[in-house]
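Colleague:
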Amino acid sequence: MSNGMRVDLSALDEVIRKLNGLLSDMDKANTKAKYETDIPSTAFGSMKFLESNELHSAHEKQKARIESIIKGLHGLIDDFGTSTSKVRDKYSDQEHANAQGVSAAPKGGSAY
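Under UniProt numbering, read the sequence shown as residues 1 to 112, first letter to last.
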């Protein structure tokens, strides 16, 4: 910040807000994937249909894979949101310190 550049803190706030919304959506997706996609083995056919167990097993594998992907994405988004919040706080603290430094500067001339 000493080079005169400024950071738009409201833009960082907007990023954080959107990431939090995305986390909420990911929570909903996780709940849906976990509890609303369960298919009983009987839905794939009776024991006379030999492939029914294989189909059910394949479904369970994909269900677990989707849950794992959602969990990974959630963690990534959460990490990014946390990092963005920390960066925003550091910029805010620096701007506050700069403002304090300017207001504490002697008026009317040089200190030399």
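Even glycine gets a Cβ: it sits at the ideal position worked out from N, Cα and C.
1. Would L19 and Y91 be called neighbours here (beta carbons separated by less than 8 Å)?
2. Which residue wins for smallest C-alpha separation from A33, given the options E14, K61, L12 and S83?
3. Using only the alpha-carbon positions, how far apart do G75 and E67 sit?
4. Can you name, in chain order, every residue of its own chain whose Cβ lies under 8 Å from the Cβ of S85, other than the five neighbours on each side?
5. Between N53 and N30, what straight-line distance do the alpha-carbon atoms span, to the nearest angstrom?
Modeller: Looking at the atomic coordinates:
1. The answer is no: Cβ separation not under 8 Å.
2. Nearest of E14, K61, L12 and S83 to A33, Cα basis: K61.
3. Between G75 and E67, the C-alpha separation is close to 12 Å.
4. Cβ-Cβ distances below 8 Å link S85 to I16 in the same chain, with the five nearest sequence neighbours on each side left out; the list follows chain order.
5. Each residue's alpha carbon lies about 25 Å from the other.
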